[in-house]
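In our numbering, the protein residues as written are 2 to 467.
Glycine included, each C-beta is placed from N, C-alpha and C at the ideal position.
These numbers were taken from a predicted model, which means no experiment stands behind them.
Inspection log for the structure reproduced underneath, given as structure tokens.
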């Protein structure tokens with residue numbers, strides 16, 4: 002198979018679909034020098050090949066096919082290798098893996114870099130340290146390179162390096178990293194990473210503890226980088242999907258950092274589970290920026306500790322059928338204070354709960370071109386109703402918004418709906434607001450004079466308040 006070699010990586014052409022708002026046909030416009038081999042079933046695991054490998058129980062995917070093929074090969078186990086001799090042992094192994102080789106290592110510490118390079122053949126090389134992610138088996142770092150059609154498994158080591166990738170994988174076919182303890186260094190050292198994959202087919206990182214890294218895992222030009230149940234803390238970016246990579250978070254674990262993910266240069270993070278993320282008020286914008294561009298069918302919840310942020314929040318251009326939830330306080334109050342929050346072009350659902358929004362000259366909550374949103378247990382009371390730009394919740398081109406159990410006071414516009422927005426006001430309280438406003442086919446549905454104390458209304462250009 003051949004890689005696609007684009008002249009302009011990630012460039013596409015979008016053409017509007019007639020009669021369908023915000024819908025486009027997308028075609029590649031990267032001017033590929035080499036079109037590459039499409040990663041389709043016929044090229045990866047066609048039925049006839051699967052039948053030959055598995056007989057009556059053909060493999061489900063390529064990984065299972067490799068497991069079945071490996072089961073046909075003999076296994077050689079090398080027992081009791083002192084960790085000081087691990088480098089020499091790996092260096093002495095034949096590069097042609099026509100069998101499975103298992104190297105079992107004794108506890109200890111070495112400053113060696115273990116180079117696992119240039120293996121080929123249908124076998125698997127397994128290098129075992131501890132049974133769990135501990136510091137009993139310490140090396141400087143691992144490098145896995147050019148293992149083109151062999152599988153490599155590295156299990157149970159602590160890596161001491163602080164200024165480079167603890168595990169560096171490139172130009173390899175299938176690499177499995179498990180039970181590793183990668184916690185050395187600080188997250189301000191930009192080259193201090195946990196696991197990096199570059200130009201690989203499949204990399205799996207499982208049950209590893211990764212802390213204090215600038216990037217816990219990073220994937221470049223990798224067809225599939227899959228993570229399971231990672232733990233750790235103090236990372237800057239946890240998941241970095243870069244340069245046309247697919248990075249799958251199959252299960253979250255307890256790993257933490259300043260930012261959940263960063264997608265760059267057509268890299269894509271795929272959520273295989275719902276995510277719960279904890280952050281401080283000071284780091285809240287960074288946490289929002291770390292939400293994947295497409296959350297798929299799963300939910301992404303951010304739980305925010307009490308505090309004050311003297312800034313406006315923004316979140317734009319997220320998609321999926323799941324929900325993004327930003328949780329402040331459990332009840333309306335002043336423990337979670339920020340200036341304002343603006344959301345735009347969200348095709349996934351949104352919930353904002355339990356914040357004290359202090360803006361007195363802009364909208365406290367601004368929703369533009371969002372699919373569905375719920376704002377509840379929020380407090381918006383600052384300023385004067387005479388200030389025309391002092392607004393509680395404003396919505397435009399938003400299909401469904403519910404503002405519930407909020408306190409909205411002293412606003413020129415307590416609630417505003419425009420451009421076909423549908424806004425429901427329910428169980429809100431407040432006083433000294435000027436008007437509730439619906440314009441340009443916007444609709445506000447409210448119970449009585451919601452928010453309490455706001456009796457005046459304003460409608461125009463097809464707007465309605467009912």
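Look at the alpha carbon of residue i and the alpha carbon of residue j, and state the distance between them as a whole number of angstroms.
i           : j           : result
residue 346 : residue 317 : 6 Å
residue 225 : residue 75  : 28 Å
residue 247 : residue 458 : 50 Å
residue 223 : residue 467 : 54 Å
residue 439 : residue 219 : 47 Å
residue 413 : residue 361 : 10 Å
residue 379 : residue 408 : 6 Å
residue 9   : residue 29  : 10 Å
residue 278 : residue 307 : 15 Å
residue 46  : residue 3   : 16 Å
residue 437 : residue 272 : 40 Å
residue 267 : residue 245 : 5 Å
residue 274 : residue 207 : 15 Å
residue 27  : residue 33  : 16 Å
Exposed or buried, what is residue i when buried is set at 16 or more other beta-carbons lying within 10 Å of its beta-carbon?
i           : result
residue 294 : exposed
residue 12  : exposed
residue 464 : buried
residue 359 : buried
residue 452 : buried
residue 108 : exposed
residue 159 : buried
residue 23  : exposed
residue 99  : exposed
residue 462 : exposed
residue 276 : buried
Grouping DSSP H, G and I as helix and E and B as strand, with all else coil, what is residue i?
i           : result
residue 123 : coil
residue 91  : helix
residue 18  : coil
residue 291 : coil
residue 244 : coil
residue 254 : strand
residue 390 : coil
residue 64  : helix
residue 285 : helix
residue 102 : strand
residue 154 : strand
residue 84  : helix
residue 347 : strand
residue 225 : strand
residue 441 : coil
With the cut-off set at 7 Å, would you say residue i and residue j are in Cβ contact?
i           : j           : result
residue 404 : residue 395 : no
residue 424 : residue 441 : no
residue 154 : residue 127 : yes
residue 144 : residue 169 : yes
residue 397 : residue 391 : no
residue 283 : residue 257 : no
residue 432 : residue 454 : yes
residue 227 : residue 249 : yes
residue 356 : residue 329 : yes
residue 259 : residue 304 : no
residue 195 : residue 203 : no
residue 348 : residue 373 : no
residue 188 : residue 164 : no
residue 125 : residue 152 : yes
residue 114 : residue 142 : yes
residue 263 : residue 238 : yes
Write down every uninterrupted run of the alpha helix (DSSP H) in the stretch 20-54 whose length is 4 residues or greater and which is fully enclosed by it, in chain order. 42-45, all fully within the stretch 20-54.
Every unbroken alpha helix (DSSP H) inside the stretch 161-195 [4 residues or more]: none
4 or more residues per run - each alpha helix (DSSP H) lying fully within the stretch 194-221: none
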